[in-house]
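Novice: Chains as they are written, first to last, in this note's numbering: chain A, 1 to 111; chain B, 112 to 224.
Glycine included, C-beta positions come from ideal geometry on N, C-alpha and C.
Being a predicted model, the structure only gives us computed values, none of them experimental.
This structure is in structure tokens; I'll ask about it shortly.
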């Protein structure tokens, strides 16, 4: 079945770049997503990438997609303390619309 | 995008009682979903809320425990029935827009004593 894997924890210094990695299994996913969850909050859609794209850039965020390896990454440039949160990778499961989530990567940004 | 309002934002309930969570979206959407996030865990889909018909439940979730209503294209409710402490979680509503993008509500934080 579908599965999404992420590393659990990443610590960076303020001003550095952060790279969060994700692997997925469903090659039929139309979109792949990155969501951010701050403490005590819901899920905020950060960005998404269509499956026929290799890269998408949105201000400080860069998403890279390697379909051959089923690997997705999120790069945050100039990481700030406000970026500290849990980041979830998700793939859409076929045409059902439902999302399969990774375990979430906790990003800790040290001043 | 879609703006999703979820109520209540949090609640503390007694064992054996039921809680109904409401989800309102600011535009008509085809698909609405309910997810559960247990403490320290990722999100798991409970069911797809279908307008005008019974919800489609994922493995491990049943209608008697999590009845869902969807009377129109902008509103849905999830009831957590006969609650136990194991039901303490965040419950999130999400919607899929016409561009196949999914947005989430702020969630309902439920604690069962």
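1) On the DSSP bridge assignment, give the partners of residue 179/B in chain order.
2) For a contact meaning CB atoms closer than 7 Å, what does residue 218/B contact in chain A?
3) Any C-beta of chain A sitting closer than 8 Å to the C-beta of residue 110/B?
4) Heavy atom of the ligand HEM less than 7 Å from the Cβ of residue 34/A, yes or no?
5) Mind pulling the chain A residues with CB within less than 7 Å of residue 199/B?
6) Closer than 9 Å by beta-carbon distance: list the chain A residues that pair up with residue 212/B, in chain order.
7) For a test of the three-state rule: what should DSSP assign to residue 197/B, helix, strand or coil?
8) According to DSSP, is residue 58/A helix, strand or coil?
9) Just checking, does the region 77 to 89 of chain A make contact with the region 170 to 177 of chain B on the three C-beta pairs under 8 Å criterion?
10) DSSP state of residue 81/A, grouped into three classes?
11) What would DSSP say about residue 114/B, mapped onto helix, strand or coil?
12) Would residue 94/A count as contacting chain E if we go by Cβ distances under 8 Å?
13) Kindly list, in the order they appear in chain B, the residues whose Cβ is closer than 9 Å to that of residue 103/A.
14) Between which two residues does the beta strand (DSSP E) carrying residue 221/B extend?
15) Start and end of the beta strand (DSSP E) containing residue 100/A?
16) Between residue 159/B and the rest of its own chain, which residues show a CB-CB distance below 7 Å, the 5 nearest in sequence each way excluded?
17) Who are the near neighbours of residue 207/B in its chain, counting only those whose CB is closer than 7 Å to its CB and skipping five residues on each side?
18) Please report the distance separating the alpha-carbon of residue 102/A from that of residue 126/B.
19) State the DSSP-derived secondary structure class of residue 41/A, mapped to helix, strand or coil.
20) Distance, Cα to Cα, residue 69/A vs residue 157/B?
21) Going straight from the alpha carbon of residue 201/B to that of residue 15/A, what length do you get?
22) Enumerate, from N- to C-terminal direction, the unbroken beta strand (DSSP E) stretches of 3 or more residues contained entirely within the region 117 to 145 of chain B.
Specialist: The structure says:
1) Within the second chain, numbered from 1, the residue matching residue 179/B stands at position 68. Answer by DSSP bridge pairing, in chain order: 189/B.
2) Within the second chain, the letter at position 107 stands for residue 218/B. Neighbours of residue 218/B on chain A, chain order: 42.
3) Outside the displayed span of chain B (112 to 224) sits residue 110/B, for which this structure offers no information.
4) In terms of ligand content, the structure shown is empty, and the ligand HEM therefore cannot be addressed.
5) Taking the first residue of the second chain as position 1, residue 199/B is located at position 88. In chain order: nothing, as chain A lies at least about 15 Å away.
6) Translated into the one-based positions of the second chain, residue 212/B becomes position 101. Within 9 Å Cβ-Cβ: 31, 33, 45, 48.
7) The sequence position of residue 197/B within the second chain is 86, counting from 1. It is helical.
8) Numbered from its first residue, the first chain carries residue 58/A at position 58. Residue state, collapsed to three classes: strand.
9) no
10) Mapped onto the first chain, residue 81/A falls at position 81. Helix, per DSSP.
11) Residue numbering aside, residue 114/B sits at position 3 when the second chain is read from its first letter. Of the three classes helix, strand and coil, the one that applies to residue 114/B here is coil, per DSSP.
12) The displayed structure is made up of protein chains A and B, and chain E is not among them.
13) Translated into positions along the first chain, residue 103/A becomes position 103. Those within 9 Å of residue 103/A in chain B are 152, 153.
14) As a first step, residue 221/B must be located in the second chain, where it is residue number 110. Taken as a continuous stretch (DSSP letters only), the beta strand (DSSP E) holding residue 221/B covers 219 to 223.
15) Translated into the one-based positions of the first chain, residue 100/A becomes position 100. Where residue 100/A is concerned, the enclosing beta strand (DSSP E) stretches over 99 to 101.
16) Counting from one through the second chain, the residue named residue 159/B turns up at place 48. Counting only Cβ-Cβ distances below 7 Å, and skipping sequence neighbours, we find 142, 144, 166, 167.
17) Here residue 207/B refers to the residue found at position 96 of the second chain. Taken in chain order, the residues that qualify are 140, 141, 142, 213.
18) Here residue 102/A refers to the residue found at position 102 of the first chain. Here residue 126/B refers to the residue found at position 15 of the second chain. Near 31 Å, if we compare the C-alpha coordinates of residue 126/B and residue 102/A.
19) What you label residue 41/A is simply residue 41 of the first chain in a count that begins at 1. Here residue 41/A sits in coil by DSSP.
20) Within the first chain, numbered from 1, the residue matching residue 69/A stands at position 69. Within the second chain, numbered from 1, the residue matching residue 157/B stands at position 46. Between residue 69/A and residue 157/B, the C-alpha separation is close to 30 Å.
21) Position 90 of the second chain, counted from the start, is the residue given in the question as residue 201/B. Position 15 of the first chain, counted from the start, is the residue given in the question as residue 15/A. Looking at the two C-alpha atoms, the distance is approximately 32 Å.
22) 121 to 124, 130 to 136
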